[in-house]
Each structure stands twice: as structure tokens, then as C-alpha cells.
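Engineer:
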Amino acid sequence: MPGHHPVRGRRATERKGDVRERAILDTCEALLAHKGYDAMTVGDIAQGAGITRGALYFYFGSKQEVVTALVARTVEHLWERSRATAQAEEPRQAIAAAMQRTVELWNEHGLVMRTAIDLSLTVPEIGELWNHTADLFIAAITAVLERAGIQAGAAPDQASAMARALCWMIERTFYHASQESREKLQEASATCEHIWLTSAGLIT
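Numbering that gives the first Met the number 0 puts the last residue of the sequence shown at 203; the count rises by one with no breaks.
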């Protein structure tokens, strides 16, 4: 019936738009590896995604907006992992699982996360995304420490302050290790896990 055609057309357009946006973000991630943020252009991204520059501007207004969307897509995975860490019951298992998930994500998207860290001070939207991600991880680490018996609170020897220090230690350690090799990431994970367990009083 003719009345149904516009609905099907809109749905097809939405699906096509999602595919194009994903292609743009995937291309951007690949170009970060091959060219770097400063060297890549909107034209490079459009060409890699198989669209014109004009078509790309329908989705994003600038290279910075594309990278911000790529960071947003990546940190969604981080948010899922932080929730899983916060919900795990046994502290040792929660810590081991959190570190393994962190290794996996840095192996998959380390370049995007390093770019997010590098741009977080100069691109407000990326800074907000990254700081929100850190806050979620700090809350998750705090929950694990408290379940392990660390006193709740913000004093230097209490769970919230310790979690903040652990979160930023893990970020910087993985930032540097991810530039070297997968083996270095695994070593970094083992070291951070040991420090976290020690901080939680689970290693004497």
C-alpha cells in the first residue's frame, strides 16, 4: 500500500545513517594510527569512509567533532566495565576482572584513549567525557575498597581518596605501556593489580 512506503524509507535512511556514522568513526580510528590527530584531515576521513566531504559535514561539523564522537563511543565500553567492577561481590575477583577488562580495552582502543587523554585539556567536550569516565571508575574502585574493609571517606587513608589515586595511577601506567607492546600492557596490569590488592589490605 502506498501509505506504508514513507515509513520504510525513513527506516532505511536511519539504518544507512548509522552505517555511515560507524564508517566515519572507524575510519577516524584507523587514521589516528596511520597519520595521527594533527596530520589527518576531514578529507582523509571522508575518503576512507567512502563519502564526500559534504556528506561528512551532514554528520559532523569538524575533525574535532568526529574525534569527540569516537572518544564517546569508546568510553561507553569503559562505562560498562566500571559498572561490572562496582557490582562484583568478591574484592579479589573484582580487582582481577577489572584489570583484565582494562587490558582488553587498551589493546583494542589504546590509541583512542591516548588521544582522549592528550586532548582532554584542550577540547572541553573530550575533557568532560574523560573526567566523567574517571569519576565512574573512582566510584567503582571505592566500592571494591570498601567491600575489602577500607574505611569509607575522603581522608588520605580512606577509600575515596585511595581510589582516586589508584584510578589516575592506572591511567598513566596504561597510557605509557600501551605505546610499547601488548606484553608491556600485561605487565602494567599485573603491577597495578598488585598495588590495588595491597592497598585493599588483601596482600600482606
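Each residue gets a CB set at the ideal place from its N, CA and C atoms; glycine is no exception.
Is E145 closer than 8 angstroms to A158 when the C-beta atoms are compared?
Structural biologist: yes
Engineer: Note down, in chain order, each residue of its chain lying with its Cβ closer than 7 angstroms to the Cβ of F173, except the 5 sequence neighbours on either side.
Structural biologist: T101, W105, L184, A187
Engineer: List the whole-angstrom C-beta distance separating L135 from W78, where the pair is believed to meet the contact cut-off of C-beta under 8 angstroms.
Structural biologist: 6 angstroms
Engineer: Since A32 contacts L110 with CB under 8 angstroms, what's their CB separation in whole angstroms?
Structural biologist: 5 angstroms
Engineer: Please specify which runs of the alpha helix (DSSP H), each continuous and at least 4 residues long, are wholly inside the stretch 64-140, giving them in chain order.
Structural biologist: 90-118
Engineer: Is it the case that the CB of V102 approaches a heavy atom of the ligand ATP more closely than 7 angstroms?
Structural biologist: Questions concerning the ligand ATP fall outside what the structure shown contains, since it holds no ligand whatsoever.
Engineer: Grab me the residues of T51's own chain with a C-beta within less than 7 angstroms of its C-beta, minus the 5 sequence neighbours each way, in chain order.
Structural biologist: A45
Engineer: What are the boundary residues of the alpha helix (DSSP H) that includes L201?
Structural biologist: No alpha helix (DSSP H) holds L201; DSSP gives it neither H nor E.
Engineer: For E192, which of helix, strand or coil comes out of DSSP?
Structural biologist: helix
Engineer: Is it true that the CB of A138 sits closer than 8 angstroms to the CB of V70?
Structural biologist: no
Engineer: Check A151 in the structure and name its three-state DSSP category.
Structural biologist: coil
Engineer: Near A48, which residues of its chain fall below 6 angstroms by C-beta distance, leaving aside the five closest residues on each side in sequence?
Structural biologist: A22, I23, T26
Engineer: Using a Cβ-Cβ cutoff of less than 7 angstroms, which residues in the same chain neighbour T73 once the five nearest sequence positions on both sides are dropped?
Structural biologist: H108, V111, M112
Engineer: Would you check if the distance between the CB atom of V65 and the CB atom of Y36 is smaller than 8 angstroms?
Structural biologist: no
Engineer: Buried or exposed for P155, please, with buried defined as at least 16 other CB atoms from any protein chain shown within 10 angstroms of its CB.
Structural biologist: exposed
Engineer: How big is the Cα-Cα spacing for A160 and R82?
Structural biologist: As the crow flies, the alpha-carbon of A160 is around 19 angstroms from that of R82.
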